[in-house]
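Order-wise, the sequence lines are chains W and L. Oh and the first sequence: position 13 is 13 in full-length UniProt numbering, straight run, nothing missing. Oh and the second sequence: position 98 is 98 in full-length UniProt numbering, straight run, nothing missing. These notes concern the structure reproduced below.
Protein chains: 2
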Amino acid sequence: MTTSTRTEIIGILGGMGPAATADFYAKLVATTPGTSDQDHLRTVIWSDPTIPDRTEALLGDGPDPTPWLLDGSRVLREAGATVIAIPCNTAHAFVPRIADHIGLPIVHMIGEVARHLTTLSPRIRTAGLLATTGTVRAGLYQEWLDRFGIRLVLPDAGNQDHEVMTAIHAVKAGTYDDTTTALLTRAARRLTEQGAQAVVAGCTEIPLGLPADAVDVPLVDPALVLAQALVRRATAENTAA
Amino acid sequence: MTTSTRTEIIGILGGMGPAATADFYAKLVATTPGTSDQDHLRTVIWSDPTIPDRTEALLGDGPDPTPWLLDGSRVLREAGATVIAIPCNTAHAFVPRIADHIGLPIVHMIGEVARHLTTLSPRIRTAGLLATTGTVRAGLYQEWLDRFGIRLVLPDAGNQDHEVMTAIHAVKAGTYDDTTTALLTRAARRLTEQGAQAVVAGCTEIPLGLPADAVDVPLVDPALVLAQALVRRATAENTAA
């Protein structure tokens, strides 16, 4: 397998937030098998942190980010991208508004996470979710887990606000520390107490503040699942060529 | 300072290697002051790991990467980039071949490192360099340090090969471990024994294998210096606007 026969160019629609985009690209590189630079996938990243806040838009408090997402997708397509990945859970609420207009397939991070949960052993019947209030309200995970018959448990409204969103804002501000980890650990443990056999770190900022060993059940990192799906896709394409 | 008044779009010509590009973007994000996504700089990254090996080209053993660098720069310009950064020391040997053709300013990483060395206290009269054989042979640091009256010390040919290049290849292969760190630490200490008052980690892979506290003198990370130069430039532009 050498890259010279690969035609896939990964397009990353990022900046939501920028640290999560950097983290996602590092995961994509680490997930790609290979021993030299030339084994890796060509990638183009449009990282636009000025995209209006997705949660605020979903709660009716801010501008619709759809035009920014369309612009970024156009930049990626013109740069030669053959597939789009969006390493931001909340932004997936806007995928139905852009999917038919960008002329490229999107590897759907939340769909990939739902599929990934079905591959875990023992079989996951209940999963917990730590995500932005926007992602929760938009029902993004609810919709996909329903399709696979997995029950979803969530923090109550108070903890969603005081624990999860506080931690996410700390990561976005670059001020996260042990307090952030403690908040997220407590929120995750409440989910396992409600029966969650796995916890989805459903905002790309969360894995930056919550180490995998902080909870007793598998902590699923959607960015890593998305990276693995992209590598599988590029490899399969290569084999087929 | 809000991003809405910023017109700078950072173009990163990357993939050399891809892990170093991810690391550089993470440093750019971490260096940018701000508390929300929207305070960060719009960035477009072209990460093409298929760019032929720069050291091999400089040693006459491989194809000239210049056409790939020109292609990548064109992608970045068409995507709206207003400035180009190249987070690969060795690739700077090809900057004179592309600079006049890409229609955008390049913030020169090696020039920025030389300038940065003159700001350290006590004043640096001798600096050591850990870099690829390509960077060393092309005389990139020699040329810039000469301009600022700083003497350059280098590993001897055997250690350059057996310590430095072995470690760089391990990082590129994703197989670096304590042995890699030991190799680089030994190489860095030899430079300080020759009088180096600072050591330049002059290949973007090196800081991934050599922690800053492994040497007794300042370890200068060109990727971080480049990130800081880009942030200063974007901020100054914003103030002037």
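The C-beta atom is built at its ideal place from N, Cα and C for all residues, glycine as well.
- A contact is defined here as three or more CB-CB pairs under 8 Å, and the region 11 to 23 of chain W meets this definition with respect to the region 86 to 94 of chain W.
- Residue environment analysis places L/T32 among the buried positions, since at least 16 neighbouring C-beta atoms fall within 10 angstroms of its C-beta.
- For W/W68 and W/A212, the gap between their C-alpha atoms comes out near 33 Å.
- The three-state secondary structure of W/S73, taken from DSSP, is helix.
- No residue range can be given for L/G15, since it is assigned to no beta strand (DSSP E) and is classified by DSSP as neither H nor E.
- Secondary structure in the region 144 to 196 of chain W: the alpha helix (DSSP H) runs of 4 residues or longer, each lying completely within the stretch, are 166 to 172, 178 to 193 in chain order.
- L/T35 counts as exposed, since fewer than 16 other C-beta atoms from the protein chains shown sit within 10 angstroms of its C-beta.
- Under the three-state reduction of DSSP, W/L130 is assigned to strand.
- At a C-beta separation below 9 Å, L/S36 has these neighbours in chain W: G17, P49, D53, H169, K172, A173.
- In this structure, the straight-line span from the alpha carbon of W/I124 to that of W/A214 is close to 19 Å.
- If you compare the alpha carbons of W/D100, W/L208, W/A99, W/V44 with that of W/L76, the shortest gap goes to W/V44.
- Here W/D221 is not near W/A196, since their CB atoms are 8 Å or more apart.
- At the C-beta level, W/Y25 and L/A22 come within 8 Å of one another.
- Here the alpha carbons of L/G174 and L/T204 stand approximately 14 Å from one another.
- Separation of the CB atoms of W/L208 and W/V231 is rounded to 21 Å, and the pair is thereby denied contact status at 8 Å.
- Residue state for W/R42 is assigned as strand, using DSSP reduced to three classes.
- DSSP places W/L226 in the helix class (H, G or I) of the three-state scheme.
- In the displayed model, L/L117 falls within a helix according to three-state DSSP.
- Taking the Cβ atoms as the reference, W/V83 lies roughly 6 Å from W/L104, within the contact range of under 8 Å.
- For L/R42, same chain residues with a beta-carbon under 6 Å away, outside a window of 5 residues either side, are I9 in chain order.
- Looking at the DSSP output, L/S47 shares a beta bridge with W/T43, L/G14.
- With a contact defined as Cβ atoms closer than 8 Å, W/L70 and W/I98 qualify at about 6 Å.
- In its chain, beyond the 5 residues on either side, A187, R190 have a beta carbon closer than 7 Å to the beta carbon of W/N159.
- In the structure shown, L/V215 falls within a coil segment according to DSSP collapsed to helix, strand and coil.
- Annotation: W/I84 is outside any alpha helix (DSSP H); the continuous beta strand (DSSP E) that includes it extends over 83 to 85.
- Residues of chain W whose Cβ lies closer than 9 Å to the Cβ of L/E78 are, in chain order, V75, E78, A79.
- For the pair W/P18 and W/S47, the Cα-to-Cα distance works out to about 7 Å.
- Approximately 13 Å separates the beta-carbon atoms of W/V199 and W/V225; this is outside 8 Å, ruling out the contact.
- Listed in chain order, the non-local C-beta contacts of L/K27 below 6 Å within the same chain comprise A223, L224, A227, local neighbours out to five positions each way being set aside.
- Taking C-beta atoms under 8 Å as the contact rule, L/T126 and L/R147 fail to qualify, at a distance of about 15 Å.
- DSSP, read as helix, strand or coil, puts L/I106 in strand.
- Closest in alpha carbon position to W/R233, among W/I106, W/T192, W/A167, W/H169, is W/I106.
- When DSSP reads this structure, W/I9 sits in a beta bridge with W/R42.
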